[in-house]
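Asker: Protein sequence lines correspond, in order, to chains V and Y. Note that the first sequence ends on residue 718 in the working numbering; no numbers are left out. Note that the second sequence ends on residue 472 in the working numbering; no numbers are left out. For glycine and all other residues, C-beta sits at the position ideal for the given N, C-alpha and C. This structure is in structure tokens; I'll ask about it shortly.
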Amino acid sequence: KNQVEQSPQSLIILEGKNCTLQCNYTVSPFSNLRWYKQDTGRGPVSLTIMTFSENTKSNGRYTATLDADTKQSSLHITASQLSDSASYICVVSARGSQGNLIFGKGTKLSVKP
Amino acid sequence: GAGVSQSPSNKVTEKGKDVELRCDPISGHTALYWYRQSLGQGLEFLIYFQGNSAPDKSGLPSDRFSAERTGGSVSTLTIQRTQQEDSAVYLCASSQGLAEYNEQFFGPGTRLTVL
Chain V
606 KNQVEQSPQS LIILEGKNCT LQCNYTVSPF SNLRWYKQDT GRGPVSLTIM
656 TFSENTKSNG RYTATLDADT KQSSLHITAS QLSDSASYIC VVSARGSQGN
706 LIFGKGTKLS VKP
Chain Y
358 GAGVSQSPSN KVTEKGKDVE LRCDPISGHT ALYWYRQSLG QGLEFLIYFQ
408 GNSAPDKSGL PSDRFSAERT GGSVSTLTIQ RTQQEDSAVY LCASSQGLAE
458 YNEQFFGPGT RLTVL
């Protein structure tokens, strides 16, 4: 069964610190993996998208990694800011799925001053 | 418009009533998706429309749920005889083509509460 598992479920860090969120998936055949940021009361916003051949991609202070062999991805946030407080969702697409994306449950990040 | 819009932003209804949720996708986007996000759960795919093709309804949880997309633009998700378990945030997203290859842009969602 195609699944996406994220950890931790929630995380609290102090402003200015770094953190890493994890995503494991069993989706096959793999097409691409995305990380979204979802602020409370808003729809998800795309941060990165990576295909099979890409193992790292950055978007400002956000850096995503992908290991397609172990089917793992991580999202590293550098020098966290209060505005980083949100849910971070890992989403995997299967090849030929025509858009039926598999969503993780998300990691809820709280950045405290 | 500049982004995907949804209305209403909040809807409170009584069990057994019908509700209609509206989605206005980004102009020119051929693909439109509906998802449901229950508390503490990941997004659950409901249905998608791609151009003039027949919609993929494989995610609809019951025959009480239906959706239309008129003129390849605006979409309406209808839930008949609402139940308390239908309470969730309903998100709409659009993309230039099928979401497997194209970035999805999400609306802010409609929070549905069934009393």
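1. Can you name the residues of chain V whose CB is closer than 9 Å to the CB of P465/Y?
2. At the level of alpha carbons, what is the spacing between E401/Y and C695/V?
3. If the cut is a Cβ gap below 7 Å, which residues of chain V does Q398/Y touch?
4. Establish whether the CB of L455/Y and some CB of chain V are separated by less than 8 Å.
5. My understanding is that K713/V touches S692/V, with C-beta atoms under 8 Å, so please give their C-beta distance in whole angstroms.
6. Compare the C-beta of L706/V with all C-beta atoms of chain Y and state if any pair is closer than 8 Å.
7. Is it buried or exposed, R639/V, if we count other Cβ atoms within 10 angstroms and call 16 or more buried?
8. Return the residue from the list Q677/V, N607/V and S663/V that minimises the CA-CA distance to T683/V.
9. Suppose the cutoff is 7 Å on Cβ atoms and the five residues either side in sequence are ignored; what does the same chain contact list for D644/V look like?
10. Taking 8 Å as the CB-CB cut-off, is E476/Y touching chain V?
11. Taking beta-carbon pairs under 9 Å, can you tell me which members of the segment 408-435 of chain Y lie near chain V?
12. Mind the definition here: the segment 386-395 of chain Y touches the segment 447-464 of chain Y only if three or more C-beta pairs lie below 8 Å; say whether that holds.
13. Looking only at C-alpha atoms, which of G428/Y, A359/Y, P418/Y and E377/Y sits nearest to Q407/Y?
14. For a minimum of 3 consecutive residues, which ranges assigned as the beta strand (DSSP E) are wholly contained in the segment 607-654 of chain V?
15. Cβ atoms of S651/V and Y641/V: under 8 Å apart, would you say?
16. Along the chain, where does the beta strand (DSSP E) that runs through Y392/Y open and close?
17. Considering just the uninterrupted stretch of the beta strand (DSSP E) at N409/Y, what are its terminal residues?
18. Compute the beta-carbon to beta-carbon distance between S633/V and E457/Y, rounded to the nearest angstrom, for a pair I have assumed lies under 8 Å.
19. Throw me the rounded Cβ distance for the K710/V and Q398/Y pair, which I believe falls under 8 Å.
Answerer: Here's the rundown:
1. G646, R647 and G648
2. 13 Å
3. K710
4. yes
5. 5 Å
6. yes
7. buried
8. If you compare the alpha carbons of Q677/V, N607/V and S663/V with that of T683/V, the shortest gap goes to S663/V.
9. A691.
10. Past the boundaries of the shown model lies residue 476/Y; chain Y is included only from 358 to 472, so the question cannot be answered.
11. D413, S415 and G416
12. yes
13. G428/Y
14. 609-612, 615-619, 624-630 and 635-643
15. yes
16. A388 to Q394
17. Premise fails: N409/Y is in no beta strand (DSSP E) and is neither H nor E.
18. That pair is no contact at about 14 Å.
19. 6 Å
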